[in-house]
Amino acid sequence: MLSKIKPFTAYCLYDWANSPFATVIITFIFSAYFERAIVGDAEKASILWGWSISISAFLIACLSPFIGRHIDNNLSYKFWLSTFTIIAAIGASLFWFAYPVPQSIIFVCILVVISNIAFELGSMVYNSLLPTFSIKKKIGSLSGKAWASGYAGGITCLIIILFGFIQTDNPLFGIEKEMSANIRIAGPIVAIWFICFSLPLILKTNNINNKKKKNNENLFMEVIKNIKSLFTQSNKGRFLLARMIYTDGLNTLFAFGGLYAAGTFHMSFSEIIVFGILINITAGLGALFFSFIEDRIGAKYVINISLIFLIIFGFSTLIINSKELFLLFGSALGFFIGSIQSSSRSFMSRYIVNGNNAETYGIYAVSGKCTAFLGPALLALIVSIFDSQRAGMASIILFFLLGLYLLQKVEEPKHY
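Residue numbers are given in the numbering used here: position 38 of the sequence shown equals residue 275, and the series is strictly consecutive.
So this is what it looks like as structure tokens:
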């Protein structure tokens with residue numbers, strides 16, 4: 238049965254498979270559970286969770302180019318995709334043992350670091366397979382539809398967990414609410430979801446490359462040389478710089494959007510969950526919409542359009558006071574978050590040469606992680622100076638503006 242699934246569909250299914258990890262574990266359910274049930278102090282929980290994510294991001298940035306090069310040299314895409322997927326899934330399942338007691342704090346922090354590293358490295362291998370599962374003229378289509386599939390998978394799994402186990406008096410399968418079992422069950426659900434829906438791609442990722450294996454002798458120096466070349470290979474380096482800047486803006490928006498909604502517009506926790514679901518739905522629609530036209534107009538053009546509207550709608554959320562308008566503009570913002578993410582991924586595929594798929598996306602991962610602290614740091618500084626969340630959120634617009642400016646200096650790769 239699995240063998241009958243088409244490669245295009247198998248690729249999209251992996252996004253559907255892994256997105257609940259980010260949606261349920263990192264963003265919505267377990268981060269809130271960690272704060273309220275395990276730590277019991279919002280400030281302390283934010284610090285611990287923030288450090289766990291930051292440590293994993295630092296290690297991902299350090300490891301991904303070298304692991305990527307090793308994978309390229311050994312053509313071991315299937316092995317490492319399977320390995321990282323299994324580790325991330327096991328990590329998710331172990332959240333079942335995150336009991337609502339302070340003694341779970343260290344356990345959860347270690348689990349977040351390890352499972353998030355595996356999740357991100359698995360995503361790196363997955364991204365590197367994009368050109369393999371699509372012809373060059375349809376890379377944008379596959380990237381967009383896969384990204385849309387990811388948003389759909391994340392939201393579907395989140396809704397099942399929310400209304401089937403958490404926000405109900407009778408959780409499914411007889412799960413009790415004692416010791417927050419109805420919340421902790423989210424971990425095993427994400428793990429099963431991850432494994433089941435990732436299988437088609439893992440099975441298809443076999444004998445996909447006819448190149449000969451390469452020697453790993455000078456792997457470290459070769460990767461360092463390639464990273465240094467970014468400063469001389471101006472086009473690729475400029476794109477990664479632009480992407481690094483606007484991704485910092487996106488990451489800061491993800492990290493502080495909920496706080497802004499609660500603090501400035503006085504939204505309740507349930508309203509924030511609904512808002513998060515709305516943004517994920519519109520982001521999926523944005524990725525899907527542009528997947529039909531990206532290959533005709535070019536990924537750079539899509540990124541430009543997305544940044545312009547992110548700036549417009551982002552600024553709009555700073556000058557309004559109505560909760561309803563905030564929901565409207567925030568949802569519109571989501572539409573272009575989906576498109577910029579999927580188009581950035583497909584644009585990077587144009588820089589793959591001599592089969593260095595995983596190394597290319599390893600460096601791509603670095604550009605999304607190495608300065609991840611800048612956005613939150615600048616926002617926190619501005620909030621402390623002006624004592625205003627609106628002023629702090631305005632700093633995100635600066636990242637989008639600078640990213641848009643730098644992108645104008647990037648040329649479409651010749652083999653686009």
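Beta carbons are placed, not taken as given, at the ideal position from N, Cα and C, and that holds for glycine.
Residue i, enclosing alpha helix (DSSP H) - first and last residue
i	result
residue 488	471-502
residue 590	Premise fails: residue 590 is in no alpha helix (DSSP H) and is neither H nor E.
residue 645	Where residue 645 is concerned, there is no enclosing alpha helix (DSSP H), given that its DSSP letter is neither H nor E.
residue 261	No alpha helix (DSSP H) holds residue 261; DSSP gives it neither H nor E.
residue 466	456-466
residue 393	376-398
residue 532	531-534
residue 418	418-421
Secondary structure of residue i, DSSP reduced to three states
i	result
residue 583	helix
residue 364	helix
residue 243	coil
residue 309	helix
residue 609	coil
residue 336	coil
residue 558	coil
residue 316	helix
residue 519	helix
residue 578	helix
residue 442	coil
residue 407	coil
residue 371	coil
residue 268	helix
residue 625	coil
residue 277	coil
residue 650	coil
residue 357	helix
residue 413	coil
residue 505	coil
Residue i versus residue j: straight-line alpha-carbon distance, rounded
i	j	result
residue 249	residue 386	6 Å
residue 263	residue 530	32 Å
residue 281	residue 268	12 Å
residue 625	residue 619	8 Å
residue 496	residue 287	14 Å
residue 380	residue 456	29 Å
residue 430	residue 326	9 Å
residue 648	residue 476	9 Å
residue 598	residue 365	6 Å
residue 550	residue 634	10 Å
residue 305	residue 594	8 Å
residue 331	residue 608	30 Å
residue 472	residue 339	50 Å
residue 409	residue 401	6 Å
residue 538	residue 600	22 Å
residue 372	residue 532	11 Å
residue 279	residue 397	26 Å
residue 285	residue 375	42 Å
residue 255	residue 589	24 Å
residue 621	residue 507	28 Å
residue 333	residue 513	24 Å
Cβ pair residue i, residue j closer than 7 Å
i	j	result
residue 257	residue 441	no
residue 644	residue 632	no
residue 576	residue 536	no
residue 384	residue 579	yes
residue 432	residue 422	no
residue 348	residue 377	no
residue 362	residue 300	no
residue 355	residue 324	yes
residue 612	residue 483	no
residue 337	residue 283	no
residue 516	residue 571	yes
residue 341	residue 275	yes
residue 637	residue 547	yes
residue 230	residue 437	Shown here, the chain extends from 238 to 653; a query on residue 230 therefore has no answer.
residue 498	residue 510	no
residue 568	residue 382	no
residue 247	residue 388	no
residue 335	residue 603	no
residue 623	residue 563	no
CB contact below 7 Å: residue i versus chain B
i	result
residue 484	Of the chains in the structure shown, none is chain B; there is only one protein chain.
Anticipated Cβ contact below 8 Å, residue i with residue j, distance rounded
i	j	result
residue 395	residue 261	6 Å
residue 392	residue 403	That pair is no contact at about 15 Å.
residue 555	residue 630	6 Å
residue 542	residue 581	Going by Cβ atoms, the distance from residue 542 to residue 581 rounds to 13 Å, so no, they are not a contact pair.
residue 504	residue 560	7 Å
residue 345	residue 271	6 Å
residue 434	residue 253	5 Å
residue 557	residue 566	7 Å
residue 443	residue 315	6 Å
residue 302	residue 464	7 Å
Near the ligand SAH: residue i beta-carbon under 6 Å from a heavy atom
i	result
residue 291	Among the components of this structure there are no ligands whatsoever, and the ligand SAH is therefore not found.
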